[in-house]
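Numbering (the working numbering), first residue to last: 251 to 604. Please read the structure below before turning to the comments.
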Ligand code: 5AD
């Protein structure tokens, strides 16, 4: 027992010093998580995030542009076969006015997120992105619109998009096939991520904690994938069941494990942009503060028009009118100040390594 404990803390030190562990070592770190390893990892993670970002917290205005989706992911509330989902698509005017409102509130990044909606053609999106960039040249535009072709990503990049978020969801292909229908594959997802990077986007991957059938070995693979792929951003949030999905009776992921993994990811890639996610704030009322205190440095409040917020329901109970909403930015600022951090008006690009 004593030896196992020693090994656990030695692995924390090794991760801090080298930013790398083997698959088995990651697995050991997760399987043997205890209070002391949590504290150690958190302290090192906060040290690292302070080194690159001081006490700054970057904010992104999240605009949920469409909940129309051609995919049928088993976990997701806006899956194609959910007939209870009230579908909507924001107009260009709606989206531009969200960006303007965000700008006035101090946001310098807009994240356009949506389902894989066929109406969001390259033409429509490129026009939208170039309009946002011409209205707000000092802002970054992040897209989170799923899998597209290399040519499509290239066009979006050429129209001015800066960043792209595409969670890998799980780095284990068998686990991937338990969360998605057959037409969706891990290899295609990974290819998209590589394409995005090659084109020049700042790229974010990510996964859910506690998704159905997830094993610690799966999580170890996620961590190894993050180490190898070296993304600029990484979204990690607990799985939360949605009543109209295959996984409606599954239990939600654990917030503490999620925070533990945030600390580990901070140590794998010390300058990574790491959000304390909405899902983390949903399973735990102070989840986002806990996330920041575990090494995260980004928060993404919702800028979508109030009329559509409830409709973009990926999981049950998604917070949408409290502190996570952009209009309540002042509340978020206060809560970050109270834990020793400061929300800044900044594009919030990734810090240079040295
Ligand atoms: N619980 C938690 N996160 C979810 N997502 C989708 N459905 C759920 C759910 N039920 C996440 C996925 C997706 C991101 C936009 O939201 O990881 O990539």
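Glycine included, each C-beta is placed from N, C-alpha and C at the ideal position. Nothing here was measured: the structure is a model prediction, and the numbers come from that model.
query	result
Assess contact between the segment 303 to 316 and the segment 501 to 517, defined as three or more Cβ pairs (one per stretch) separated by less than 8 Å. Is contact present?	no
Can you name the residues that DSSP bridges to residue 359?	390
When DSSP labels each residue in this structure, what does residue 323 get in the three-state scheme?	coil
Do the segment 442 to 454 and the segment 486 to 494 touch if we need at least three Cβ pairs shorter than 8 Å?	no
Confirm the yes/no value for this check: CB of residue 311, any heavy atom of the ligand 5AD, distance under 7 Å.	no
In the DSSP assignment, what residue or residues form a beta bridge with residue 308?	548, 594
Alpha carbon to alpha carbon, how far is residue 526 from residue 520? Give it in angstroms, no decimals.	16 Å
Ignore the nearest five residues each way along the sequence and tell me which others in residue 558's own chain have a CB closer than 6 Å to its CB.	338
Is residue 317 near residue 562, with beta carbons less than 8 Å apart?	yes
Which two residues bound the contiguous alpha helix (DSSP H) that contains residue 302?	285 to 303
Can you list, in chain order, the residues of its chain with a C-beta nearer than 6 Å to that of residue 332? Leave out the 5 residues immediately preceding and following it.	494
Keeping to the same chain, check which residues put their C-beta closer than 8 Å to that of residue 429; ignore five residues upstream and five downstream.	323, 324, 325, 419, 420, 461, 462, 463
Which residues mark the beginning and the end of the alpha helix (DSSP H) in which residue 541 is found?	537 to 543
Taking the straight line between their C-alpha atoms, what separation do you get for residue 387 and residue 598?	14 Å
Between which residues of its own chain and residue 345 is the CB-CB distance below 8 Å, once the five residues before and five after are set aside?	313, 315, 362, 378, 382
With a threshold of 7 Å on Cβ separation, who are the neighbours of residue 593 within its own chain once the five nearest residues in sequence on each side are excluded?	307, 309, 582, 583, 586
If you follow the beta strand (DSSP E) that residue 486 is part of, which residue opens it and which one closes it?	483 to 488
Below 8 Å CB to CB, which residues in the same chain sit around residue 596 once its five sequence neighbours on both sides are set aside?	306, 308, 358
Given a cut-off of 8 Å, decide if residue 589 and residue 466 are closer than it, judged by their beta-carbon atoms.	no
I want to see whether chain B comes within less than 8 Å of residue 346, judged by CB atoms only; does it?	Annotation note: the requested chain B is absent from the structure, which comprises a single protein chain.
Who sits around the ligand 5AD, taking every residue whose Cβ is closer than 6 Å to one of its heavy atoms?	325, 326, 417, 419, 458, 487, 489, 490, 492, 529, 564, 565
Can you list, in chain order, the residues of its chain with a C-beta nearer than 7 Å to that of residue 477? Leave out the 5 residues immediately preceding and following it.	270, 518
My understanding is that residue 395 touches residue 441, with C-beta atoms under 8 Å, so please give their C-beta distance in whole angstroms.	Going by Cβ atoms, the distance from residue 395 to residue 441 rounds to 16 Å, so no, they are not a contact pair.
Since I believe residue 434 is in contact with residue 321 (beta carbons under 8 Å), could you give me their beta-carbon distance rounded to a whole number of angstroms?	6 Å
Starting from the C-beta of residue 264, find all residues in its chain whose C-beta is less than 7 Å away, skip the five residues before and the five after it, and write them out in chain order.	271
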